[in-house]
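Chains as they are written, first to last, in the numbering used here: chain G, 1 to 397; chain F, 398 to 794. All C-beta atoms in this analysis are idealised placements derived from N, C-alpha and C, irrespective of residue type, glycine included. Structure, as structure tokens:
2 protein chains.
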Amino acid sequence: MSHIFSDVSNRIVRSEIREILKWTRKPGVISFGGGLPDPDLFPLKDITDITKNVLDQKGYLALQYGPTKGEDVMLEALVKHMSEFGDEAALEEVAVTSSSQQGLDLLSLLYLDEGSPVVMELPSYLGAIQAFKRCGADMRGVPLDEDGMDLEMLKKTLTELKEEGKKPRFIYTIPDFQNPSGITMSLEKRKELLQICIEEDIPIVEDSPYRELSFTNEILPSLWMLSGKKGVIMLKTFSKVLFPGMRMGWLVGEPDLIDKMVMLKQSVDLCTPSFNQLILAEFIQMGKMKQTIDNAIRCYRPKSAAMLNALEKYMPDQVSWSKPSGGMFLWVKLPESIDTKEIFMTAIEHNVAYVIGRPFHCDSSGNHTLRLNYSFPSIEQIETGIKQLAETIKKVL
Amino acid sequence: MSHIFSDVSNRIVRSEIREILKWTRKPGVISFGGGLPDPDLFPLKDITDITKNVLDQKGYLALQYGPTKGEDVMLEALVKHMSEFGDEAALEEVAVTSSSQQGLDLLSLLYLDEGSPVVMELPSYLGAIQAFKRCGADMRGVPLDEDGMDLEMLKKTLTELKEEGKKPRFIYTIPDFQNPSGITMSLEKRKELLQICIEEDIPIVEDSPYRELSFTNEILPSLWMLSGKKGVIMLKTFSKVLFPGMRMGWLVGEPDLIDKMVMLKQSVDLCTPSFNQLILAEFIQMGKMKQTIDNAIRCYRPKSAAMLNALEKYMPDQVSWSKPSGGMFLWVKLPESIDTKEIFMTAIEHNVAYVIGRPFHCDSSGNHTLRLNYSFPSIEQIETGIKQLAETIKKVL
């Protein structure tokens, strides 16, 4: 049987990262490769008790079809959760998604045609690049400074696009503890970015999976709030701050945009599991979410410090890295002559794994970069693994 | 802020059905409108116990990210489940989806470009029409006979397409207890359809959500099995046979097609909740699925009989209906002069609701048709509601 596949499916290629991540399973290898939360933080007892309650009291609702926009109790819980981190939203400004990746999917369906220009950070989140690539988007990268997107380069990119007669459908940014870089956008830059977007009439997509995981007491105002809740769509998820296994995310935006994405969601999965929504809604309403996030911060802060210390202690001078104040990742730049994909197997021989940086670049640059995760490994593994990584790099230098 | 939306989002319109279904919530109205399983069948106690077990024994796995293709234990359980209903599949021929609607989404992404021809039954499943429409597919409808798709009309449609220089990307069919019609394709027609598809080199999509719900002891061989597991993709779900609230579906097909759809799934939601997968896998492995389905059949068979009896008893001569031997729906044809949308409010005045037939037709025909659901209402409600519906129809005739 011969198959005629779509243009979409022809754009999808197997991920380079998945191919090499197989090696991280080699016994003895310390992996900084994944993006997994520490499973010791999972509130198993609470979830067990709450599930029993939900099935006892609302079982008929939990196992039935639910509204595409999300269960009312979940929408209310999401609004409550956000308010604890400085973000206000009305119920009509929020919709549940089956993971934040689905948020990216809906966003892509809403905005992107083949060739649609999109501006994003260099580096940026892999899953976003994948979703935009599927739609055939024309992705333009803007480098990151230590305080977020290089706004002079952004202006230059917008001018270039204008000269080509093009306008970005949106600017995609991860302002808090960015994946993969760990970098946070400063308040000044947030304001300036918004100003640029108002002047140029371009919507912003604020991807915000790590926002709650601040190691200092500071959380900067979101673009959503700074914008007066206009022209910004925020993507949220519990995968990083709680656990990924229920695939629960949500969208925040102006009601008419939320409406449109809910209509698109109908064709995508009809609705997100009510079972999972009712459990997490109760978890939030009981005040358990805040508590779990505090635990996560208490767990990840020392891990991050341990990684920074080990890098300081072992890495040769030619290597630099970001200093995240939250989140799960840290970004390393090697001398430009070194291709992190080429030396990956040498690292595996030294029993350490990372994620290569290139796939995080929409322009396929970043050969000499890599991402390290510190949320999953133990502090001991971090110390040993970074030492082994430094040895790898010294060997190839 | 001005937004430039995609062609995709411009194709999506609010569903006519959703707009009128609001009325079914009017107090006193008996609704045959939804497609909901009877919640009294939900095995709440079993799911509570199994969830506790899963979190106790595999909590770290259940709440973590899982493989895009699905958890191994789930894939094994799906293969076991299918084998109990006559369908064989190897593990590499199966992939988990977050609902069968996601299966339709992935299928659309795999095959459909704007203008791609697709052949489907008249009437057919609304969610499929919605997914294909989103991609801008050129949908061609083939009428249903009492024993399934009219194959002479199918041949005619294929000839017409050929004359236009076109070939369908696939033929979409629901052979068992079809939604919305309740009709089952005969064994002879299944064989002939396969023969046509082999000769014309066209893949078949076999949507199979109701297959397990046979009121007789007979389940006909699936197209998947009759084809020798070649050229057929089967879509499955637990939403109808168990409950919809965990949004758990799966795809069955040749390994290279499954691979491609799993790659597409990465950009759609990364993975289906491991939590839900581990719970349902244990449910199946404990033999509980078969037991729940037997209960569902024992519940729906008399409801279906009650509806058929009431139709026989109350409906005027000009009205005809299908006689389903399984599933959840029954299809009614009124005289062509009557538009079921126009008389809908009269039905509401008579305290009864149905789903209008037109949205189930990819060619917007079927004004005089309607769908009745018998799984959700009680036998008493069925008797009373059909009487009220007959009164409505007599009034407008």
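Short Cβ contact (8 Å threshold) for residue i with residue j
i      : j      : result
G:S365 : G:L122 : yes
G:P448 : G:L104 : What the structure shows of chain G is the stretch from 1 to 397, and residue 448 of chain G is not part of that stretch, so it cannot be assessed.
G:M328 : G:I386 : no
G:C271 : G:L41  : no
F:G646 : F:S772 : no
F:Q499 : G:D339 : no
G:F283 : G:D46  : yes
G:V252 : G:A131 : no
F:L441 : G:L55  : yes
G:G148 : G:I183 : yes
F:A702 : F:V638 : no
G:S31  : G:S181 : no
G:W331 : G:R371 : yes
G:L151 : G:E200 : no
G:G357 : G:T346 : no
F:N748 : F:Q785 : yes
G:K313 : G:E84  : no
Backbone secondary structure at residue i - three-state DSSP
i      : result
F:N764 : coil
G:L63  : coil
F:R537 : strand
F:L433 : coil
G:G385 : helix
F:D542 : strand
G:F344 : helix
G:S9   : helix
F:S734 : coil
F:V638 : coil
F:C759 : coil
G:A128 : helix
G:N295 : helix
G:S100 : helix
F:C532 : coil
F:Q575 : coil
F:E597 : helix
G:P43  : coil
G:D49  : helix
G:L107 : helix
F:R644 : coil
F:A707 : helix
G:M185 : coil
F:I616 : coil
Start-to-end residues for the beta strand (DSSP E) that takes in residue i
i      : result
F:F726 : F726 to K730
F:Y569 : F567 to T570
G:V73  : No beta strand (DSSP E) contains G:V73, which is instead part of the alpha helix (DSSP H) from D72 to S83.
Residues sharing a beta bridge with residue i, DSSP
i      : result
F:N770 : F:F726
G:M234 : G:E206 and G:V252
F:E518 : F:V539
F:W621 : In the DSSP output, where bridge partners are listed per residue, F:W621 has none listed.
F:I427 : F:V749
G:S214 : G:G326
Cβ separation of residue i and residue j, assumed to be a contact under 8 Å, to the nearest whole Å
i      : j      : result
G:K69  : G:V96  : 7 Å
F:P600 : F:I630 : 7 Å
F:G723 : F:D573 : 7 Å
G:I174 : G:S124 : 7 Å
G:G245 : F:L558 : With 8 Å as the limit, G:G245 and F:L558 do not qualify as a contact, their Cβ atoms being about 45 Å apart.
G:I129 : F:M660 : That belief does not hold up - the Cβ atoms of G:I129 and F:M660 are roughly 14 Å apart, past 8 Å.
F:G483 : F:A750 : Not a contact, Cβ separation roughly 36 Å.
G:L106 : G:K265 : 6 Å
G:K303 : G:I382 : 6 Å
G:W23  : G:I348 : 5 Å
F:G533 : F:G512 : 6 Å
Residue interval of the alpha helix (DSSP H) (run including residue i)
i      : result
G:V319 : Segment: none, G:V319 is in no alpha helix (DSSP H) and carries neither H nor E.
F:A492 : Careful: F:A492 lies outside any alpha helix (DSSP H), inside the beta strand (DSSP E) at V491 to T494.
F:K552 : L548 to E560
F:L675 : S671 to Q682
F:E413 : E413 to L418
Residues that residue i contacts on chain B, provided the C-beta gap is smaller than 8 Å
i      : result
G:F275 : The structure shown contains no chain B; its protein chains are G and F.
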